[in-house]
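Protein chains in written order, with the working numbering: chain A, 2 to 115; chain B, 5 to 117.
A virtual CB, placed ideally from N, CA and C, is assigned to each residue, including glycine.
Working notes, beginning with the structure itself.
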Amino acid sequence: DTGVSQDPRHKITKRGQNVTFRCDPISEHNRLYWYRQTLGQGPEFLTYFQNEAQLEKSRLLSDRFSAERPKGSFSTLEIQRTEQGDSAMYLCASSPGTGNTEAFFGQGTRLTVV
Amino acid sequence: QQQVKQSPQSLIVQKGGISIINCAYENTAFDYFPWYQQFPGKGPALLIAIRPDVSEKKEGRFTISFNKSAKQFSLHIMDSQPGDSATYFCAASMTGGSEKLVFGKGMKLTVNP
Chain A
2 DTGVSQDPRH KITKRGQNVT FRCDPISEHN RLYWYRQTLG QGPEFLTYFQ NEAQLEKSRL
62 LSDRFSAERP KGSFSTLEIQ RTEQGDSAMY LCASSPGTGN TEAFFGQGTR LTVV
Chain B
5 QQQVKQSPQS LIVQKGGISI INCAYENTAF DYFPWYQQFP GKGPALLIAI RPDVSEKKEG
65 RFTISFNKSA KQFSLHIMDS QPGDSATYFC AASMTGGSEK LVFGKGMKLT VNP
């Protein structure tokens with residue numbers, strides 16, 4: 002399968018715990034995005050990488066959130082001290098590059114904070 | 005302030021009917037307008053997209069109509085099938101910079117057999 006892959010698909014965690022999600026983009030895509038989607042809403046932009054550089058972060062990305070993309074390949078999104086309000090679907094997307102804004106999404110990681 | 009407004013929120017059509025979903029955008033710098041289809045528990049999948057230099061684009065049963073002066077665009081699904089039952093999102097982005105997508109709130113389509 003050559004699509005965007007996310008792991009895990011589901012995560013249940015207790016409030017206050019740290020969680021980390023992984024995204025493997027389509028191999029030739031140098032742009033990688035993280036979005037968050039809550040029930041009944043469209044995805045909302047969180048952050049963007051061009052290769053290994055994190056070039057934009059949304060105001061939604063509080064200081065409890067951190068994302069990395071070492072070597073411009075896979076990416077991780079970590080949430081520290083999770084809160085119930087963090088419960089959402091976390092989506093990763095990738096696209097080939099500038100001027101080609103066709104973005105392909107992964108299946109998402111469903112986070113439930115109890 | 006919602007930059008992309010989508011309507012209706014839900015729609016029920018009969019098999020074989022036409023489904024129409026409308027979107028309006030605020031930012032005139034947007035120059036790429038995709039539609040995504042999402043099934044429960046899955047990520048959004050790109051259906052069709054348009055740029056403002058054309059007023060209409062058709063791919064199979066899916067057609068986008070674009071009205072630049074009104075800042076509106078719509079998705080038409082012809083000969084709707086039960087398998088089309090899903091949530092549809094319009095989105096917009098601008099070339100250059102992050103090219104992040106700004107999504108509408110989505111429309112849940114139900115196609116009855």
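Can you tell me whether A/Gln85 is helix, strand or coil according to DSSP?
Position 84 of the first sequence, counted from the start, is the residue given in the question as residue 85 of chain A. Three-state DSSP puts A/Gln85 in a helix.
Please state the DSSP three-state secondary structure of A/Lys58.
Numbered from 1 along the first sequence, position 57 holds the residue referred to as residue 58 of chain A. Strand.
Where DSSP assigns a beta bridge to A/Asp25, which residues make up the other side?
Position 24 of the first sequence, counted from the start, is the residue given in the question as residue 25 of chain A. Beta-bridge pairing links A/Asp25 to A/Ser6.
Does the Cβ-Cβ distance between A/Tyr36 and A/Leu92 come in under 8 Å?
Walking along the first sequence from the start, residue 36 of chain A turns up at place 35. Walking along the first sequence from the start, residue 92 of chain A turns up at place 91. Result yes, Cβ atoms of A/Tyr36 and A/Leu92 sit closer than 8 Å.
Can you tell me which of B/Pro12, B/Gln10 and B/Gly20 puts its alpha carbon nearest to the alpha carbon of B/Gly87?
Locating residue 87 of chain B in the second sequence gives position 83, counting from the first residue. For B/Gly87, the nearest C-alpha among the options comes from B/Gly20.
Taking 8 Å as the threshold (C-beta atoms), are B/Ile68 and B/Ile54 in contact?
Position 50 of the second sequence, counted from the first residue, corresponds to residue 54 of chain B. Position 64 of the second sequence, counted from the first residue, corresponds to residue 68 of chain B. In contact: B/Ile54 and B/Ile68 (Cβ atoms closer than 8 Å).
Who does A/Leu92 pair with in a DSSP beta bridge?
Counted from its first residue, the first sequence places residue 92 of chain A at position 91. Answer is A/Tyr36.
Give the C-beta separation of B/Leu113 and B/Ser89 to the nearest angstrom, bearing in mind that I take them to be a contact with Cβ-Cβ under 8 Å.
Along the second sequence, one-based indexing puts residue 113 of chain B at 109. Along the second sequence, one-based indexing puts residue 89 of chain B at 85. Taking C-beta atoms under 8 Å as the contact rule, B/Leu113 and B/Ser89 qualify, at a distance of about 6 Å.
Flag this pair as yes or no: are the beta carbons of A/Gln108 and A/Asn19 separated by less than 8 Å?
Here the question's residue 108 of chain A lines up with position 107 in the first sequence. Here the question's residue 19 of chain A lines up with position 18 in the first sequence. Taking 8 Å as the Cβ cut-off, A/Gln108 and A/Asn19 do not qualify as a contacting pair.
Which residues does DSSP pair with A/Leu78 in a beta bridge?
For this step, residue 78 of chain A is matched to residue 77 along the first sequence. DSSP, once it has assigned bridges, lists A/Phe22 and A/Ala68 as partnering A/Leu78.
Using a Cβ-Cβ cut-off of less than 8 Å, give me the residues of the region 90-105 of chain B that come near chain A, in sequence order.
Phe93, Ala95, Ser97, Thr99, Gly100, Gly101, Ser102, Glu103, Lys104 and Leu105
Interface residues of chain A facing B/Ala53 [CB-CB closer than 9 Å]
Counted from its first residue, the second sequence places residue 53 of chain B at position 49. Within 9 Å Cβ-Cβ: Thr102 and Glu103.
Who are the near neighbours of B/Ser11 in its chain, counting only those whose CB is closer than 6 Å to its CB and skipping five residues on each side?
One-based indexing of the second sequence puts residue 11 of chain B at position 7. Excluding sequence neighbours, B/Ser11 sits near Asn26.
Coarse secondary structure for A/Gly43, derived from DSSP in three states
Residue numbering aside, residue 43 of chain A sits at position 42 when the first sequence is read from its first letter. DSSP places A/Gly43 in coil when its eight states are reduced to three.
May I have the straight-line CA-CA distance separating A/Arg65 from B/Asn116, to the nearest angstrom?
Position 64 of the first sequence holds residue 65 of chain A. Position 112 of the second sequence holds residue 116 of chain B. Cα-Cα distance, rounded: 44 Å.
Name the one or two DSSP bridge partners that A/His30 has.
Residue numbering aside, residue 30 of chain A sits at position 29 when the first sequence is read from its first letter. For A/His30, which the question treats as bridged, DSSP gives no partner whatsoever.
Quick check on the burial criterion: 16 or more other C-beta atoms within 10 angstroms. Buried or exposed for B/Gly110?
Within the second sequence, residue 110 of chain B is the residue found at index 106, counting from 1. Buried.
Based on the DSSP secondary-structure assignment, which residues constitute the bridge partners of B/Lys61?
Taking the second sequence and counting its residues from 1, one reaches residue 61 of chain B at position 57. Paired residue(s): B/Ile68.
Let me know the secondary structure DSSP gives A/Gly73 once reduced to three states.
Position 72 of the first sequence holds residue 73 of chain A. The answer is helix: DSSP assigns A/Gly73 an H, G or I state.
How many whole angstroms separate the CB atoms of A/Glu69 and A/Ser76, which I take to be in contact at a CB cut-off of 8 Å?
For the purposes of this step, residue 69 of chain A is identified with residue 68 of the first sequence, where counting begins at 1. For the purposes of this step, residue 76 of chain A is identified with residue 75 of the first sequence, where counting begins at 1. Their Cβ separation, rounded to whole angstroms, is 7 Å, which keeps A/Glu69 and A/Ser76 in contact under 8 Å.
Verify the CB distance criterion: does B/Tyr29 have a CB-CB separation below 8 Å to chain A?
Taking the second sequence and counting its residues from 1, one reaches residue 29 of chain B at position 25. Closer than 8 Å: no.
Any beta carbon from chain A within less than 8 Å of B/Leu15's own beta carbon?
If you number the second sequence from 1, residue 15 of chain B lands on position 11. With 8 Å as the cut-off, B/Leu15 does not count as an interface residue toward chain A.
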